[in-house]
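Heads up: the sequence shown at position 370 corresponds to 363 in my numbering, and the numbers run straight through without jumps. The beta carbon of each residue, even a glycine, is placed where N, CA and C say it ideally should be.
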Amino acid sequence: MTIRTSIKYLGEHTGKTVLLEGWVYNSRSSGKLGFLMLRDGTGIAQCVVSRADVGDELFSRFDELTQESSLTVIGEVRADGRAPGGYEIGVESFQLHQQAIDYPIAPKEHGTAFLMDHRHLWLRSRRQHAIVLIRHEIIKATRDFLDNNDFILVDTPIITPNAVEGTTTLFEIDYFGQPAYLTQSGQLYNEANAMAHKRVYCFGPTFRAEKSKTRRHLTEFWMVEPEMAYCDLDENMIWAEKLIEYVVGRVLENRAAQLDMLERDRAKLEAVTAPFPRISYTEAVDILHAAGQEFEWGGDFGGGDETVISEQYDRPVIVHRFPARIKAFYMKVDAEDARLALGMDVLAPEGYGEIVGGGQREENLDVLLERLAEEDLDPETYQWYLDLRRYGSTPHAGFGMGIERVVAWICGLPHVRETIPYPRMLQRMEP
Ligand code: 4AD
Ligand code: MG
-6 MTIRTSIKYL GEHTGKTVLL EGWVYNSRSS GKLGFLMLRD GTGIAQCVVS
44 RADVGDELFS RFDELTQESS LTVIGEVRAD GRAPGGYEIG VESFQLHQQA
94 IDYPIAPKEH GTAFLMDHRH LWLRSRRQHA IVLIRHEIIK ATRDFLDNND
144 FILVDTPIIT PNAVEGTTTL FEIDYFGQPA YLTQSGQLYN EANAMAHKRV
194 YCFGPTFRAE KSKTRRHLTE FWMVEPEMAY CDLDENMIWA EKLIEYVVGR
244 VLENRAAQLD MLERDRAKLE AVTAPFPRIS YTEAVDILHA AGQEFEWGGD
294 FGGGDETVIS EQYDRPVIVH RFPARIKAFY MKVDAEDARL ALGMDVLAPE
344 GYGEIVGGGQ REENLDVLLE RLAEEDLDPE TYQWYLDLRR YGSTPHAGFG
394 MGIERVVAWI CGLPHVRETI PYPRMLQRME P
């Protein structure tokens, strides 16, 4: 009997005959033996085709197995310590589905632009495959952590009339003649949802018309945003820290092979345990000055500044209490220093910069109205949001964690373009 299975499960079928469905990773043959590396999405297996076993006619068709051709293979599973994965298939027969001629991504070096143009094919390569698996683990771990801590997933809209994170990065769309935007963050709706469920989160694509080319910015990125009623800045920091610690732990536990494939130094990730250091914005500015950086108190940190600050630590560092002027209208003002807002950013180590941004929200209606006016935002479109301060307002806080930034950091990638299957950036919308 032939068992239809996947490469990942070969170990359960030693000595049995299996059917595998996949693509040619590579192949080479001599007059008598053909070696096929078959990939099926769950792994790569060495398949050996012997002329003596399959006969002249089928063996002559081995040459059709060009890189990325699709085929089905039937053969016996043999334990073999030398084979990648520890098992080898002694092929009894194979059937070609489609022969791939001149697959563009040859096993040689290609430039980034070429690979990005062929992203739809590049995703099949081992490195990209490993990154997608780690991304999947990060998302799954994030959701498990929140679900296990009584956070309810409540979806927030993609199309919205409201700006959340300033007006300069809005993508405007025409909503039947009315101006609307692609969401920059689900936060405002999350705040409403938290008043219904206490602890909530949204997880979805968010959009920012980022007009600068950097290695950390996408125009479409995925953000998970927890929001908690009856939560202050300190507790918010603990949630962010716990979430990050959990996510890194899960990747180490379940995706060590993929980290190794990416040559990621696992010891650096093993150091990521709570508590994370906490420093105020003002202390962070002192660090910049001590490092000889020119920086004026009151400004926003650039990527280079974040790198200098985070390099002082072997784990993420939480920076809190930023100048209110550089933060969004909804941030609660620090009762001890009116120049400051109760915001926090988590900066990843090794120069990966900000992975989390959030803080405590302003719960007072009048203060919020003043802040809207200061930011030149029309209070009319925020009436529904202001209702949350009219009907049972509570202290509350939350944050957003950018999935691609976390993937870049955990995988040790130099650029966010490899962290998402189809990156959208200033100069790229295709494929
Ligand atoms: O700091 P940000 O702008 O915070 C917010 O959007 C809040 N409303 C979230 C909240 O409190 N619910 O963005 C949060 C995170 C950043 O720390 C970063 O990880 C990621 O989103 N991010 C981006 N990632 C990729 N490309 C971009 N252009 C990003 N902008 C922000
Ligand atoms: Mg931010």
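Shown here for V241: same chain residues with a beta carbon closer than 8 angstroms to its own, the five before and five after excluded, namely L262, V265, I403 in chain order. Rounded to the nearest angstrom, the gap between the Cα atoms of V66 and R(-3) is 10 angstroms.
Separation of E218 and V349 (C-alpha to C-alpha, rounded to the nearest whole angstrom) is 9 angstroms. For D327, there is no enclosing alpha helix (DSSP H), as DSSP marks it with neither H nor E. Under the three-state reduction of DSSP, F269 is assigned to coil, being neither helix nor strand. Under the 10 Å beta carbon count, K325 is surrounded by 16 or more other beta carbons and is classified as buried. Counting of Cβ neighbours within 10 angstroms places Q251 among the buried residues, the total reaching 16 or more. Exclusion of the five residues before and after T212 leaves F164, F200, R201, A202, E203, R417, M418, L419 as the residues of its chain whose Cβ lies within less than 8 angstroms of its Cβ. G351 sits close to N229, with the two beta carbons spaced by under 8 angstroms.
Taking the Cα positions, V47 is about 10 angstroms away from K25. Between W215 and the set M188, P270, T135, the nearest pair of CA atoms involves T135. Around the CB of P372, fewer than 16 other CB atoms lie within 10 Å, so the residue is classed as exposed.
Going down the chain, each residue whose beta-carbon is closer than 7 angstroms to a heavy atom of the ligand MG shows up: D338, E347, G350.
Rounded to the nearest angstrom, the Cβ distance from R314 to Y274 is 5 angstroms, consistent with a contact under 8 angstroms.
With a 10 Å radius around the Cβ and a threshold of 16 neighbouring Cβ atoms, P150 comes out exposed. In this structure, E228 has its CB at a distance of at least 7 angstroms from all heavy atoms of the ligand 4AD. Only buried fits F138, as 16 or more other CB atoms lie within 10 angstroms of its CB. The continuous beta strand (DSSP E) containing S63 extends over residues 63 to 72. Inclusion of V147 and V84 in the CB contact set at 8 angstroms is not warranted, their separation being larger than that value. Proximity of the beta carbon of M254 to the ligand 4AD is not indicated: no heavy atom of the ligand is located closer than 7 angstroms.
For the set G104, D227, R259, G74, the Cα lying nearest the Cα of V312 is the one of D227. Taking a C-beta distance under 8 angstroms as the contact criterion, L255 and R120 qualify as a contact pair. In terms of CA proximity to C195, F144 leads the group F144, M337, R410. Here N155 is buried: its Cβ has 16 or more other Cβ atoms, across all protein chains shown, within 10 Å. Membership of F196 in the beta strand (DSSP E) is indicated by the continuous run 192 to 200.
Judged by their CB atoms, F269 and E299 are not nearer to each other than the 8 angstroms cut-off. Per DSSP, the continuous alpha helix (DSSP H) segment holding W232 begins and ends at 226 to 247. Non-local C-beta neighbours of S22 in its own chain, meaning closer than 6 angstroms and more than five positions away in sequence, comprise F55, ordered along the chain.
Looking at E184, T161, M188, the one whose alpha-carbon comes closest to that of L175 is T161. Short note on Q180: C-beta closer than 7 angstroms to some heavy atom of the ligand 4AD.
The DSSP-derived three-state label of F55 is helix. In the structure shown, the three-state DSSP call for T153 is strand. The secondary-structure analysis by DSSP pairs R354 across a beta bridge with M324. The three-state reading of DSSP puts G79 in helix, counting H, G and I together. Apart from the 5 residues on each side of it in sequence, E276 has no Cβ closer than 6 angstroms to any other Cβ in its chain. For Y378, the three-state secondary structure derived from DSSP is helix.
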